[in-house]
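Participant: Take this structure, written in structure tokens, and hold onto it; I'll ask about it next.
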Amino acid sequence: MRKSELIKSPIKNKRENLVFVRAGNQSKHYDLYPLPTERNWDICISCYEDITPADYEQCEFIVSGGLSKWTDFYDQYFQNQNSIQGYKRYMVSDNDVQYSHKSHIDALFQISDQLDLLVAQGSLCENSYCSWKVTKHHPGAVARYTNFVECMAPIFHKDALNILEPLLKEAISGFGLDVVFWDALGRPKNKVGVIDLVKIHHLKPIDSKGGEWYQFLKNNGVDLSAEVYNFMSRYGLKEFDIQTLGFIPKPEKIISPEL
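So the sequence shown is numbered by this note's numbering: it starts at 1 and just counts up by one.
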């Protein structure tokens with residue numbers, strides 16, 4: 001399998017968190033430029049197309065040459081000791097995730113920290129392409145504890161990465177990986193969740209039969225069904241029931257008028 005190469009690194013004064021995003025010429029990471037000076041995250045782009053001058057100017061880390069965001073992330077976090085280690089939380093994002101404001105990324109990291117979540121994600125806005133209802137925005141919630149977070153843009157605490165290392169080592173497309181996060185972490189009641197205070201926008205539908213990305217994987221010998229089977233069979237799963245395990249409501253109150 002192709003290994004990723006670290007093109008730009010490292011930095012002296014790291015922020016608390018890292019956004020690791022798959023990046024091509026049409027990637028939505030360009031919407032984040034210019035990067036805010038005041039933020040709680042650095043950025044590492046995992047490039048599968050040309051690296052631009054703006055990328056070199058803006059990003060703290062650049063990697064290139066790997067097969068997918070998961071293979072690149074595994075290479076750089078677990079295999080390269082002079083790369084992206086040393087952060088508290090890591091977002092591993094697809095290239096088609098958009099934010100209405102750059103500060104929403106800061107908020108996702110902050111809320112993940114406040115709730116002490118091991119794996120989290122933002123909630124999908126109303127016009128997002130969505131595969132699983134549990135990931136859609138709930139207007140009455142601050143966040144929901146769940147047994148599922150999608151592979152699209154999960155946020156991992158560093159402790160979760162150490163637990164999930166054997167799974168991440170085998171992940172290529174990521175299909176089926178998100179199904180077993182909860183089992184691998186010991187089925188916790190309040191450590192995996194969807195953050196409803198922050199909405200994210202998933203711009204493209206999943207087209208596992210005709211999509212360019214999935215054709216690329218197929219041409220490189222990646223069998224999506226086999227990947228799902230591999231992960232689920234590790235935990236004896238024939239099926240997986242996605243559940244909401246807890247609910248943190250938004251505070252609401254009605255004040256009586258003075259008569």
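Idealized CB from N, CA, C, for every residue including glycine.
(1) Along the chain, where does the beta strand (DSSP E) that runs through ARG144 open and close?
(2) Does DSSP put TRP70 in a helix, a strand or coil?
(3) Can you name, in chain order, every residue of its own chain whose Cβ lies under 7 Å from the Cβ of ASP141, other than the five neighbours on each side?
(4) Helix, strand or coil: which one does DSSP assign to SER233?
(5) Output the boundary residues of the beta strand (DSSP E) element that contains HIS157.
(6) Does DSSP classify VAL97 as helix, strand or coil?
(7) In whole angstroms, give me the CA-to-CA distance for ASP55 and LEU124.
(8) Applying the criterion that 16 or more other CB atoms from any shown protein chain within 10 Å of the CB defines a buried residue, is LYS69 buried or exposed?
(9) Nearest to LEU32 by CA position, among GLN243, PRO188 and SER100, is which residue?
(10) Run through DSSP, which three-state label would TYR56 get?
(11) Keeping to the same chain, check which residues put their C-beta closer than 7 Å to that of ILE45; ignore five residues upstream and five downstream.
(12) Among VAL222, HIS104 and VAL198, which residue has its Cα nearest to the Cα of PHE175?
(13) Counting only the same chain and skipping the five closest in sequence on each side, list residues whose C-beta sits under 6 Å from that of ASP19.
(14) Would you say the region 117-132 touches the region 145-158, given that touching needs at least three Cβ pairs under 8 Å?
(15) Within 8 Å, do at least three Cβ pairs link the region 93-110 to the region 185-194?
(16) Can you tell me the Cβ-Cβ gap for PRO34 and TYR129, rounded? I've got them flagged as a contact below 8 Å.
(17) What are the boundary residues of the beta strand (DSSP E) that includes HIS29?
(18) Between ASN82, PHE240 and SER256, which has its C-alpha nearest ILE7's C-alpha?
(19) Given that a residue counts as buried once 16 or more other Cβ atoms are within 10 Å of its Cβ, and exposed if not, what is ILE254?
(20) Could you check whether ARG144 and VAL194 sit closer than 7 Å to each other, using their CB atoms as the reference points?
(21) Measuring alpha carbon to alpha carbon, tell me which residue in PHE148, LEU185, PHE181 and MET232 is nearest LEU245.
(22) From the DSSP output, which residues share a beta bridge with ASP223?
(23) Which residue marks the beginning of the beta strand (DSSP E) containing LEU108, and which one marks its end?
(24) Shortest alpha-carbon distance to ILE49 belongs to which of SER64, LYS12 and ALA153?
Facilitator: So, from the listed chains and residues:
(1) As a position in the sequence shown, residue 144 is number 144, starting the count at 1. Per DSSP, the continuous beta strand (DSSP E) segment holding ARG144 begins and ends at 141-146.
(2) Sequence index remark: in the sequence shown, residue 70 carries index 70 (1-based). TRP70: helix per DSSP, three-state reduction.
(3) Indexing the sequence shown from 1 puts residue 141 at position 141. At residue 141 the sequence reads Ala, which differs from the Asp that was named. Cβ-Cβ distances below 7 Å link ALA141 to ASP196, PHE247, ILE248, PRO249 and LYS250 in the same chain, with the five nearest sequence neighbours on each side left out; the list follows chain order.
(4) The sequence position of residue 233 within the sequence shown is 233, counting from 1. Correct three-state label for SER233: helix.
(5) Here residue 157 corresponds to residue number 157 of the sequence shown, with the count starting at 1. Looking at the DSSP string, the run of the beta strand (DSSP E) that includes HIS157 is 155-157.
(6) Locating residue 97 in the sequence shown gives position 97, counting from the first residue. VAL97 falls in the strand class under three-state DSSP.
(7) Indexing the sequence shown from 1 puts residue 55 at position 55. Indexing the sequence shown from 1 puts residue 124 at position 124. Distance between the alpha carbons of ASP55 and LEU124: 27 Å.
(8) Within the sequence shown, numbered from 1, the residue matching residue 69 stands at position 69. LYS69 is buried by the Cβ-count criterion.
(9) As a working mapping, residue 32 is identified with position 32 in the sequence shown. Nearest option by C-alpha distance: SER100.
(10) Along the sequence shown, read from residue 1 onward, the residue named residue 56 stands at position 56. Helix.
(11) Here residue 45 is taken as the residue at index 45 of the sequence shown, counted from 1. These residues qualify, in order along the chain: VAL21, ALA23, HIS29, ASP55, CYS59 and ILE62.
(12) Taking the sequence shown and counting its residues from 1, the one referred to as residue 175 is at position 175. The shortest Cα separation from PHE175 among VAL222, HIS104 and VAL198 belongs to VAL222.
(13) Counting from one through the sequence shown, the residue named residue 19 turns up at place 19. Correcting the residue identity first, residue 19 is Val in this sequence and not Asp. TRP41, ILE43 and MET91, listed in sequence order.
(14) Look at the beta carbons and you see the region 117-132 touching the region 145-158: at least three pairs across the two are nearer than 8 Å.
(15) Taking 8 Å as the limit for Cβ pairs, the verdict is that the region 93-110 does not touch the region 185-194.
(16) Position 34 of the sequence shown holds residue 34. Position 129 of the sequence shown holds residue 129. Wrong, their Cβ atoms sit about 28 Å apart, outside the cutoff.
(17) In the sequence shown, counting from the first residue as 1, residue 29 sits at position 29. Careful: HIS29 lies outside any beta strand (DSSP E) and carries neither H nor E.
(18) Within the sequence shown, numbered from 1, the residue matching residue 7 stands at position 7. Taking the Cα of ILE7 as reference, the smallest distance to any Cα among ASN82, PHE240 and SER256 is reached at ASN82.
(19) Within the sequence shown, numbered from 1, the residue matching residue 254 stands at position 254. Looking at its Cβ environment, which holds fewer than 16 other Cβ atoms inside 10 Å, ILE254 is exposed.
(20) Stepping through the sequence shown from its first residue, residue 194 is reached at position 194. Stepping through the sequence shown from its first residue, residue 144 is reached at position 144. Yes.
(21) Your numbering for residue 245 matches position 245 in the sequence shown. That would be PHE148, whose Cα lies nearest to the Cα of LEU245.
(22) Numbered from its first residue, the sequence shown carries residue 223 at position 223. Per DSSP, none; premise fails for ASP223.
(23) Within the sequence shown, numbered from 1, the residue matching residue 108 stands at position 108. DSSP places LEU108 in no beta strand (DSSP E) but in the uninterrupted alpha helix (DSSP H) bounded by 103-114.
(24) As a first step, residue 49 must be located in the sequence shown, where it is residue number 49. Reading off the sequence shown, one finds Glu at residue 49, where the question assumed Ile. Residue nearest to GLU49 within the set SER64, LYS12 and ALA153 is SER64 (criterion: CA-CA distance).
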